[in-house]
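The structure appears below as structure tokens.
Protein chains: 2
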Amino acid sequence: MSSAAKDIAPSAPKTARGARTRARILKAAEDTFGTLGYHRAGISDITRAAGVAQGTLYCYFSGKEEILRELVRDMGHKVRAHLAASVIGARDRLQAEELGLRAFLEYVSANPSLYRVLQEAQFVDEAIFREYYEAFGRGYMRMLADATRKGEVRPGNDEIRVWALMGLSNFLGLRFALWDRDRSFDEVVATISDLFRNGLALDGKEKA
Amino acid sequence: MSSAAKDIAPSAPKTARGARTRARILKAAEDTFGTLGYHRAGISDITRAAGVAQGTLYCYFSGKEEILRELVRDMGHKVRAHLAASVIGARDRLQAEELGLRAFLEYVSANPSLYRVLQEAQFVDEAIFREYYEAFGRGYMRMLADATRKGEVRPGNDEIRVWALMGLSNFLGLRFALWDRDRSFDEVVATISDLFRNGLALDGKEKA
Numbered sequence: 001m002s003s004a005a006k007d008i009a010p011s012a013p014k015t016a017r018g019a020r021t022r023a024r025i026l027k028a029a030e031d032t033f034g035t036l037g038y039h040r041a042g043i044s045d046i047t048r049a050a051g052v053a054q055g056t057l058y059c060y061f062s063g064k065e066e067i068l069r070e071l072v073r074d075m076g077h078k079v080r081a082h083l084a085a086s087v088i089g090a091r092d093r094l095q096a097e098e099l100g101l102r103a104f105l106e107y108v109s110a111n112p113s114l115y116r117v118l119q120e121a122q123f124v125d126e127a128i129f130r131e132y133y134e135a136f137g138r139g140y141m142r143m144l145a146d147a148t149r150k151g152e153v154r155p156g157n158d159e160i161r162v163w164a165l166m167g168l169s170n171f172l173g174l175r176f177a178l179w180d181r182d183r184s185f186d187e188v189v190a191t192i193s194d195l196f197r198n199g200l201a202l203d204g205k206e207k208a
Numbered sequence: 001m002s003s004a005a006k007d008i009a010p011s012a013p014k015t016a017r018g019a020r021t022r023a024r025i026l027k028a029a030e031d032t033f034g035t036l037g038y039h040r041a042g043i044s045d046i047t048r049a050a051g052v053a054q055g056t057l058y059c060y061f062s063g064k065e066e067i068l069r070e071l072v073r074d075m076g077h078k079v080r081a082h083l084a085a086s087v088i089g090a091r092d093r094l095q096a097e098e099l100g101l102r103a104f105l106e107y108v109s110a111n112p113s114l115y116r117v118l119q120e121a122q123f124v125d126e127a128i129f130r131e132y133y134e135a136f137g138r139g140y141m142r143m144l145a146d147a148t149r150k151g152e153v154r155p156g157n158d159e160i161r162v163w164a165l166m167g168l169s170n171f172l173g174l175r176f177a178l179w180d181r182d183r184s185f186d187e188v189v190a191t192i193s194d195l196f197r198n199g200l201a202l203d204g205k206e207k208a
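One line per chain: the protein sequences are D and E, in this order.
Numbering follows full-length UniProt numbering, with no gaps: position 185 of the first sequence is 185.
Numbering follows full-length UniProt numbering, with no gaps: position 186 of the second sequence is 186.
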């Protein structure tokens with residue numbers, strides 16, 4: 001069993017039709033939590049948006065908190081799959097960072113509920129929120145470690161760098177993709193690319 | 001009138017004693033919101049923690065939402081004052097970034113309510129949350145622009161860089177100061193200092 005399958009095992013549907021129903025409920029929950037907020041959203045708002053009966057929802061989820069937990073996990077899988085697809089063919093880690101940042105900004109712009117659901121999850125159970133970033137960080141750390149071995153990236157503490165990079169993307173997405181589209185994604189990516197390629201300091205780069 | 005004074009004018013107390021009472025109420029609100037959360041916290045929890053009568057609280061604030069708004073503004077002033085004090089004597093912007101990041105991690109560690117109050121403010125009125133970072137960003141942009149003129153920092157879009165830098169610090173504070181103290185602040189600062197001085201790429205640094 002792959003680790004992704006194990007992650008969703010407790011409520012994993014047995015049939016393709018079941019998987020589609022479960023996905024429809026999660027999508028409805030994303031829209032509902034994104035619009036009304038977690039606390040105001042009721043199970044009946046979710047079933048109505050999904051077009052399923054309450055009894056059906058309870059075949060897949062024990063209640064609202066489990067829906068939120070599974071939704072955040074599912075959003076994490078989708079964001080990571082979207083970013084992974086965007087960097088296929090990148091010639092090195094630096095280009096992958098550029099492609100990944102652009103893909104993330106596009107994703108946030110197309111999926112405005114992502115931030116709200118994630119932020120609100122903190123107050124329901126901080127572990128849900130933390131697990132989202134830890135799962136993200138684990139894959140990211142492996143990629144940085146590989147790139148360091150290949151000589152594309154300076155050696156450094158990957159865990160610290162990964163949290164810095166996730167924070168950087170998170171705030172850029174919030175400001176330039178979710179709140180205001182007053183800067184082009186090209187300009188955002190070019191600015192960050194320069195930071196990654198050359199640092200912030202003007203003076204000469206040290207040899208690692 | 002300075003812009004800082006204008007910011008708090010509507011409820012600004014007229015006497016030193018009034019200013020102390022107002023500050024005591026805000027500190028009590030910080031602890032109460034930080035522990036119970038904004039929605040569970042009542043005005044009576046705040047007055048009890050502050051040791052003031054309800055009537056006194058309403059001399060300074062119209063209600064809970066105004067307390068939150070003023071608290072976030074007040075927290076912003078304090079964080080910025082703490083960081084500004086920490087970088088006095090820095091020989092250049094790069095050293096100021098190092099000293100500022102360390103001071104921020106120390107501040108978060110000593111003031112664990114900061115994140116919770118800020119994050120929760122988003123769901124009360126997103127403008128409160130956004131204004132916190134915009135106020136922070138305005139000062140930060142001026143410092144980057146000065147440093148660029150002095151030849152300490154590469155030219156670049158300061159608004160984009162500032163949001164990236166705020167995000168980076170925010171996530172490092174969350175992970176390494178608030179959640180787990182499993183890495184020393186020295187190690188966090190050294191890792192980020194290398195990123196700022198040399199970039200992430202191993203190969204040669206371009207001339208700006």
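Don't be surprised by glycine CBs; every beta carbon is placed ideally from N, CA and C.
- The beta carbon of Ala103/E sits closer than 7 Å to the beta carbons of His82, Leu83 and Ser86 from its chain, once the five residues preceding and following it are set aside; these are given in chain order.
- Under DSSP, Ala201/D forms a beta bridge with Val153/E.
- Using a C-beta cut-off of 8 Å, the region 29-38 of chain E makes contact with the region 120-138 of chain E, since at least three inter-stretch Cβ pairs fall below that distance.
- Chain E places no beta carbon closer than 7 Å to that of Phe136/D, leaving this residue out of the contacts.
- Around the beta carbon of Ile46/E, a 10 Å sphere encloses 16 or more other beta carbons of the protein chains shown; the residue is thus reported as buried.
- Under a criterion of Cβ atoms nearer than 7 Å, the residues of chain E adjacent to Asp194/D are, in order, Arg154 and Gly156.
- Comparing C-alpha distances from Phe171/D to each of Ser62/E, Arg154/E and Gly137/E shows the shortest one belongs to Gly137/E.
- Here DSSP, grouped into helix, strand and coil, assigns Gly89/D to coil.
- Restricting attention to Tyr132/E, Thr191/E and Ser113/E, the CA atom closest to the CA of Arg175/D is found in Tyr132/E.
- In the structure shown, the three-state DSSP call for Thr47/D is helix.
- CA-CA distance, Arg142/D to Gln95/D, rounds to 16 Å.
- Here the C-alpha atom of Gly18/D lies approximately 19 Å from the C-alpha atom of Met75/D.
- Counting other Cβ atoms within 10 Å of its Cβ, Tyr60/E reaches 16 or more and is therefore classed as buried.
- The DSSP assignment places 43-50 and 54-60 as complete runs of the alpha helix (DSSP H) inside the UniProt domain "HTH tetR-type" (19-79) of chain D, in order along the chain (cut-off: 4 residues).
- When Cβ-Cβ separations below 7 Å define contact, Arg40/D makes no contact with chain E.
- DSSP places Asp180/E in the coil class of the three-state scheme, outside both helix and strand.
- Annotated as proximal: Gly156/E and Thr191/D, with beta-carbon spacing under 7 Å.
- With a contact defined as Cβ atoms closer than 8 Å, Phe196/E and Glu97/E qualify at about 6 Å.
- Going by DSSP, Asp125/E is part of no alpha helix (DSSP H) at all; its letter is neither H nor E.
- For Arg102/E, not one C-beta of chain D is nearer than 7 Å to its own C-beta.
- Under the three-state reduction of DSSP, Asn111/E is assigned to coil, being neither helix nor strand.
- Residue environment: Tyr140/D is assigned as buried (16 or more neighbouring CB atoms within 10 Å of its CB, all protein chains considered).
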